[in-house]
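For the sequence shown, the residue numbers in this note's numbering are 15 to 169. In this text, a Cβ means the ideal position worked out from N, Cα and C, and glycines have one as well.
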Amino acid sequence: MNRFLRPKSEEPPAGAPPALSAHTDQTLAQQARRGDPDAFGELVRRHQQAVFNVALRMTGSRPDAEDATQETFLRAFRAFKQFDSHRPLAPWLKRIAVNVCLNWYEANRIRPAVTEADLARPGEAAADLDEWQANVTTPEQRYLAREQAAAVRAA
């Protein structure tokens with residue numbers, strides 16, 4: 015809730031440490047590396063949309079992007095002790111998101127809607143996605159094609 019809209023009872027007491035949202039990513043990363051779940055939660059809040067955007071562009075599917083975003087932060091949480099808190103956090107998280115999406119494609123034998131190289135040229139990615147979706151065949155279409163071919167061979 016917005017701090018200006020909170021009832022007085024929710025205001026932090028005088029002399030309380032500043033809210034986590036006032037800290038830099040670097041400070042929060044250092045706290046998260048020491049095991050502070052609130053600091054990690056604030057980092058998730060800050061970077062969730064950017065990670066989701068990467069996943070959405072790569073998967074082309076909102077539900078898959080949501081799953082990839084969740085998996086990204088789960089992997090980041092597990093590996094956070096290895097993160098160098100003096101380096102920027104966003105590129106590290108985005109790299110994890112790209113890897114999560116690529117692993118998902120490999121596991122499901124699906125071609126990515128947007129490749130890693132496409133992320134560097136955002137204007138062309140939407141056109142590439144539309145073209146890819148127009149040329150992709152669904153399992154149902156493949157099944158019907160096999161059935162039709164079998165019927166032709168049997169005739």
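- For Q84, the enclosing alpha helix (DSSP H) starts and ends at R76 to A93.
- Contact between the segment 68-81 and the segment 46-59 is not established, with fewer than three Cβ pairs separated by less than 8 Å.
- Annotation for A111: the continuous alpha helix (DSSP H) segment containing it runs L103 to N122.
- For A43, the number of other beta carbons within 10 angstroms of its own is at least 16, and it is reported as buried.
- Taking each of Q162, Q40 and A111 in turn and checking the Cα distance to Q63, the smallest one comes out for A111.
- In this structure, the beta-carbon distance from L107 to T73 does not fall below 8 Å.
- A93 and R47 have their alpha carbons spaced roughly 9 Å apart.
- The beta carbon of R76 is closer than 8 Å to those of L70 in its chain, skipping five residues each way along the sequence.
- In the DSSP annotation of this structure, the continuous segment of the alpha helix (DSSP H) that includes R60 starts and ends at P51 to T73.
- By the beta-carbon neighbour count (other beta carbons within 10 angstroms, threshold 16), V114 is buried.
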